[in-house]
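S.K.: First residue of the sequence shown: 39, per my numbering; consecutive thereafter.
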Amino acid sequence: MIEVNPQGTTRAYAFEMWMKAPMPMVTFFKTLDVSRLIKVSKRKRMKFNMLMCWCIGKAANKVKEFFTLPVGNKLIQYNTIAVNTIVANSQGEVSSCDIPFSDDLLKFNADYLRLTRQVAETCENHDLTDSMVIGTSALAQFDIDGAVGMYSGIFNNPFMIWGRYRKGWLKTTLTVSFQFHHTQMDGVHAARFLDLLQQEIFGHMEN
39 MIEVNPQGTT RAYAFEMWMK APMPMVTFFK TLDVSRLIKV SKRKRMKFNM
89 LMCWCIGKAA NKVKEFFTLP VGNKLIQYNT IAVNTIVANS QGEVSSCDIP
139 FSDDLLKFNA DYLRLTRQVA ETCENHDLTD SMVIGTSALA QFDIDGAVGM
189 YSGIFNNPFM IWGRYRKGWL KTTLTVSFQF HHTQMDGVHA ARFLDLLQQE
239 IFGHMEN
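#1: Cα separation between Thr-174 and Ile-94?
#2: Is the beta carbon of Phe-231 less than 7 angstroms from the beta carbon of Gln-217?
#3: Would the beta-carbon of Ile-199 fall within 7 angstroms of that of Ala-185?
#4: For the beta strand (DSSP E) that Met-198 lies in, which residues bound it at each end?
#5: Measure from the alpha carbon of Asn-163 to the alpha carbon of each residue in Val-78, Pro-44, Lys-205, Thr-123, then state which is nearest.
#6: Between the alpha carbons of Lys-155 and Thr-211, how many angstroms are there, rounded?
#7: Classify His-227 as helix, strand or coil using the three-state DSSP reduction.
#8: Give a yes or no on whether the C-beta atoms belonging to Cys-135 and Val-157 are separated by under 7 angstroms.
#9: Do Met-39 and Tyr-116 have their C-beta atoms closer together than 7 angstroms?
#10: Start and end of the alpha helix (DSSP H) containing Asp-71?
#11: Less than 7 angstroms between C-beta atoms, sequence neighbours within five positions excluded: which residues of the same chain meet that for Asn-147?
#12: In or out: Tyr-51 buried (at least 16 other Cβ within 10 Å) or exposed?
#13: Going by the beta-carbon positions, is the gap between Pro-44 and Phe-53 smaller than 7 angstroms?
#14: Between the C-alpha atoms of Thr-110 and Phe-67, what's the straight-line distance to the nearest angstrom?
#15: Which partner residues does Asp-136 have in the DSSP bridge list?
#16: For Phe-180, does the count of other Cβ atoms within 10 angstroms reach 16, so buried, or fall short, so exposed?
#17: Can you tell me the Cα-Cα spacing of Leu-235 and Leu-151, whole angstroms?
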């Protein structure tokens, strides 16, 4: 990762406009069709949450704005992306686990299982400081319509939240919220990412 001059990037105007804003975060909601993901999860005996994280990484990898992030008062450019998941640990609390994104599903799955198990047992967070991390929180046991993430003023990373998926007559849906820093991307980039996420669920989960 390296610090870049905002004026030499496509985010120059956004950096001037939003870096000092008291609330620079924007949240979008989208209902996804996850029917295919459910089928793949059962057929391949892979965790639904892992598959969601992989699809998120796949979609984000196609949107260049994900590779820069405002950190403090600087704009940092990254070469890699990671997806974070919240893990229930052995002490009955929760810990944070960053999983490096890999285009190879089997490798990502192996890393996901190994790292989440490690974090659950040790109760120690696994942080990847050299990657641009997309945060996620899955409240899979609860039926919620959406959630708006908290802006701490410290972490500007994009963040996704979802609850329990809903089974319908013809399809199974999942409503997600996506929070992002306006300096990092505009609404059009966020909307494109969510569309790409749906395409990844449809397309790459086909087999």
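Think of the CB as a built atom: it goes at the ideal place given N, C-alpha and C, for glycine as much as any other residue.
From a predicted model like this one, the values you see are computed outputs, not experimental measurements.
M.R.: In brief:
#1: Walking along the sequence shown from the start, residue 174 turns up at place 136. Walking along the sequence shown from the start, residue 94 turns up at place 56. Taking the CA atoms as reference points, Thr-174 sits about 9 angstroms from Ile-94.
#2: Position 193 of the sequence shown, counted from the first residue, corresponds to residue 231. Position 179 of the sequence shown, counted from the first residue, corresponds to residue 217. No, the Cβ-Cβ distance between Phe-231 and Gln-217 is not below 7 angstroms.
#3: By 1-based counting over the sequence shown, the position of residue 199 is 161. By 1-based counting over the sequence shown, the position of residue 185 is 147. For the pair Ile-199 and Ala-185, the CB atoms are nearer than the 7 angstroms cut-off.
#4: Residue mapping note: residue 198 aligns to position 160 of the sequence shown, counting from 1. Counted as a single uninterrupted DSSP element, the beta strand (DSSP E) harbouring Met-198 occupies residues 197-200.
#5: Counting from one through the sequence shown, the residue named residue 163 turns up at place 125. Of the candidates Val-78, Pro-44, Lys-205, Thr-123, Thr-123 places its Cα closest to the Cα of Asn-163.
#6: As a position in the sequence shown, residue 155 is number 117, starting the count at 1. As a position in the sequence shown, residue 211 is number 173, starting the count at 1. The sequence as given places Arg at residue 155; Lys does not occur at that position. Annotation: Arg-155 to Thr-211 spans about 28 angstroms, alpha carbon to alpha carbon.
#7: The residue labelled residue 227 in the question sits at position 189 within the sequence shown. Of the three classes helix, strand and coil, the one that applies to His-227 here is helix, per DSSP.
#8: Residue numbering aside, residue 135 sits at position 97 when the sequence shown is read from its first letter. Residue numbering aside, residue 157 sits at position 119 when the sequence shown is read from its first letter. The answer is yes: Cβ separation under 7 angstroms.
#9: Counting from one through the sequence shown, the residue named residue 39 turns up at place 1. Counting from one through the sequence shown, the residue named residue 116 turns up at place 78. Yes, these two residues count as a Cβ contact at 7 angstroms.
#10: As a first step, residue 71 is located in the sequence shown; it is residue number 33 there, counting from the start. Looking at the DSSP string, Asp-71 is not in any alpha helix (DSSP H); the run it does join, the beta strand (DSSP E), is 63-71.
#11: Translated into positions along the sequence shown, residue 147 becomes position 109. Taken in chain order, the residues that qualify are Met-84, Met-88.
#12: For the purposes of this step, residue 51 is identified with residue 13 of the sequence shown, where counting begins at 1. Label assigned to Tyr-51: exposed.
#13: Within the sequence shown, residue 44 is the residue found at index 6, counting from 1. Within the sequence shown, residue 53 is the residue found at index 15, counting from 1. Going by beta carbons, Pro-44 and Phe-53 fall inside the 7 angstroms limit.
#14: For the purposes of this step, residue 110 is taken as residue 72 along the sequence shown, with counting starting at 1. For the purposes of this step, residue 67 is taken as residue 29 along the sequence shown, with counting starting at 1. Note that residue 110 is Gly in the sequence shown, not Thr. If I take the Cα positions, the gap works out to 27 angstroms.
#15: For the purposes of this step, residue 136 is identified with residue 98 of the sequence shown, where counting begins at 1. Answer is Asn-122.
#16: By 1-based counting over the sequence shown, the position of residue 180 is 142. If you draw a 10 Å sphere on the C-beta of Phe-180, you find fewer than 16 other C-beta atoms in it, and that means exposed.
#17: Start at 1 with the first residue of the sequence shown, and residue 235 comes out as number 197. Start at 1 with the first residue of the sequence shown, and residue 151 comes out as number 113. Annotation: Leu-235 to Leu-151 spans about 22 angstroms, alpha carbon to alpha carbon.
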